[in-house]
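Note sheet for the following structure.
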């Protein structure tokens, strides 16, 4: 087994700054024995001289614009859950430590062509997600977590290499458990290496079984079972936005994080989806929900984000957005389409083009046309889904290319219909008389007519009312 | 834009060269009307064609080409046409209806956006759009988009647009007459305008 640990030292701050387009000074406070001190701060705050350990009052005196928030472990845990959904694409075995994700990559690295390519992929995606992180690889989860926190970038693939790399690490780094820490203080040893050089029996006598167990798990001499994590069946993620977002374009950044997380999850499940449901929360107004449809099942983050950008243009925001959620409930087994796409590149282009149109303008406004066998012109056609239109070759070459829907009533002068002047009727009438069976019966005489401007028109006289109507244009 | 070579401009069709004509044979789609083909050679591919008239006239001129293009895998896009394209009449003139794609009721900005996307995407064989007013800058963008996607970019515009400078490769004035459609060439790429013909429908 080979575990990759991802440690997110700034996660408590990052969950507060996601989607913020400008940098503000932020710090997390900790209350210890009635004293409020700074436990973490971001780079903007650090540039103002603020550092961990500083009393909150002193920090505010240094920079009045500093935003100090209490740490929320529940929010961190849910952020870590979100990261686990994303990381599911890299490993089916995922475990957690505080601010740390542990992935069993010994089995899955082969899928990615080795540890190196896998690590590069991790780095690239984590950059896009906007997290600072430290990465380490070790044969046990405990060791991987320890190395990520204290020796970022370390890779220990064998027990020997691991022992070499942990020798210098301070014993206190090994655990946060206060009882074990007290023990460590008592024995008067500083580093892990010093402990490991002691005979095991001697160490057991001096420290008791708890520290021994910790060392055994660290080095892998006893199993280190971690509760298995199962991804939920329904993808549901929500991001609280620290600032209020008023512009559509600014929503693309938090959307990107949600989409990257979604695609990691879909990849892990071997799935793809066609429908994304977005939810934009406001301070007062009811949440704005909308769906983003995809023409074909997809799990391509770049593509989904492009479509999101088109779709969001059409969304009306009653108020600024304070939180954003993405839900996906249905997905399909993903079929690799690369081979097909290579053979017929226009297919991919075609699909992407239609998708952009439909997301920006709405499905109802991007339509195909089909003929319908009916003598009444207004019923001889219908809208249909793009690419599904049928054309019965009716051989009606006498009919005009343009139809007026509905027909336009014409004025009558000297018993002749008038449209831009008196109309000359050219042909003998074509009589259309049908529809008694569906309550929409017509009795009309159609004529090809010409007005003084030379335009050819399709007009009819309603045989019941005697009224004239313009129904089509030839030119 | 200081270093654009002359050759590049010529290739893009951005330079208009009077009577000299262009050395390279331009890619055209035959119109299917003998007298019109004799006059303009065909509908230019990867370029804009403007049909100027009082009331959106000129669609019948396109039908033979549209019918042929509908047999390819690409769309015939109608960007917010002023009336309903009558499906039985299109089918009767040989158009494969599954390639017909219509954008209904769109604002000016949406139409412009859609036409540009469509022309650029190479997913469309022909893109038709109807505009009352169109500034020169968006017109230029459409021309570039059509070059990129290689489609027929057809703009139906009012006769008043005649006074506007246009980057379109072909500009025709269409006047319906009792005998048929009177077509006058206002401009064509690589040659003077001025020819005219009558298309009997």
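Chains as they are written, first to last, in the numbering used here: chain A, 622 to 1096; chain B, 7 to 207.
Beta carbons: idealized from backbone N, C-alpha and C, even for Gly.
Since this is a predicted model, take the numbers as computed values, not measurements.
Check for me: the alpha helix (DSSP H) holding residue 709(A) runs from which residue to which?
First-last for residue 709(A): undefined, no H or E at that position.
Looking at chain B, is there any beta carbon in it that lies within less than 7 Å of the beta carbon of residue 1079(A)?
no
Measuring only the C-alpha atoms, how far is residue 898(A) from residue 859(A)?
12 Å
What runs of the beta strand (DSSP E), each 3 residues or longer, lie entirely inside the segment 71 to 108 of chain B?
81 to 85
Could you check whether the segment 132 to 147 of chain B touches the segment 71 to 88 of chain B, counting it as contact only if at least three pairs of C-beta atoms, one from each stretch, sit closer than 8 Å?
yes
Whose C-beta lies closer than 7 Å to the C-beta of residue 888(A) among residues of the same chain, with five residues either side of it excluded?
710, 920
Could you pull the start and end residues of the alpha helix (DSSP H) that residue 996(A) belongs to?
First-last for residue 996(A): undefined, no H or E at that position.
Counting only Cβ-Cβ distances shorter than 8 Å, please list the residues of the segment 123 to 139 of chain B near chain A, keeping chain order.
123, 124, 127, 128, 129, 130
Is any beta-carbon of chain A found at less than 7 Å from that of residue 166(B)?
no
Exposure of residue 1012(A), with buried meaning 16 or more beta-carbon neighbours within 10 Å:
buried
Using CA coordinates, which residue listed in 695(A), 699(A), 703(A), 648(A) is at the minimum distance from residue 676(A)?
648(A)
With a cut-off of 7 Å, does the C-beta of residue 109(B) fall near any C-beta of chain A?
yes
At 8 Å on the CB atoms, spell out the chain B contacts of residue 1013(A), in chain order.
94, 97
Measure from the C-beta of residue 189(B) to each C-beta in chain A and report whether the shortest distance is under 7 Å.
no
Measuring alpha carbon to alpha carbon, tell me which of 69(B), 178(B), 60(B) ends up nearest residue 1021(A).
69(B)
Buried or exposed: residue 119(B), going by 16 or more other Cβ atoms within 10 Å of its Cβ?
buried
Cβ pair residue 49(B), residue 158(B) closer than 7 Å:
yes
Between the segment 1017 to 1037 of chain A and chain B, which residues of the former have CB atoms less than 9 Å from a CB of the latter, in chain order?
1017, 1018, 1019, 1020, 1021, 1022, 1023, 1024, 1025, 1026
Counting pairs of Cβ atoms below 8 Å between the segment 865 to 872 of chain A and the segment 818 to 833 of chain A, do you hit three or more?
no
Selected residue, minimal CA-CA separation from residue 737(A), among 718(A), 758(A), 751(A):
758(A)
Can you tell me which of the three DSSP states residue 754(A) falls into?
coil
What are the complete beta strand (DSSP E) segments, minimum 3 residues, inside the segment 707 to 794 of chain A?
715 to 718, 721 to 725, 755 to 759
Can you give me the Cβ contacts of residue 22(B) inside the same chain, cut-off strictly under 6 Å, excluding the 5 residues immediately before and after it?
Unreliable positioning characterises residue 22(B) in this predicted model, as indicated by a pLDDT of 42, which lies under 50. The coordinate reading is nonetheless provided below. So the list is empty, once near-sequence residues are dropped.
Give the range of the beta strand (DSSP E) segment to which residue 1093(A) is assigned.
1089 to 1094
What runs of the beta strand (DSSP E), each 3 residues or longer, lie entirely inside the segment 140 to 198 of chain B?
158 to 164, 176 to 183, 186 to 194
Any 3 or more C-beta pairs closer than 8 Å across the segment 900 to 908 of chain A and the segment 769 to 778 of chain A:
no
Could you run through the segment 838 to 853 of chain A and flag, in chain order, every residue whose CB is less than 7 Å away from some CB of chain B?
none
Measure the alpha-carbon distance for residue 1083(A) versus residue 1005(A) and round it to whole angstroms.
29 Å
By Cβ distance, which residues of its chain are closer than 8 Å to residue 965(A), with the 5 residues on each side in sequence left out?
Because the pLDDT of residue 965(A) is 43, which lies under 50, any placement of that residue in the model is unreliable, and the number read from its coordinates should be weighed accordingly. Answer for residue 965(A): no residue qualifies.
Start-to-end residues for the beta strand (DSSP E) that takes in residue 624(A):
624 to 628
Three-way DSSP call (helix, strand, coil) for residue 694(A) in this model
helix
Contact defined as beta carbons within less than 8 Å: I believe residue 1055(A) pairs with residue 997(A). What is the distance between those atoms, to the nearest angstrom?
6 Å
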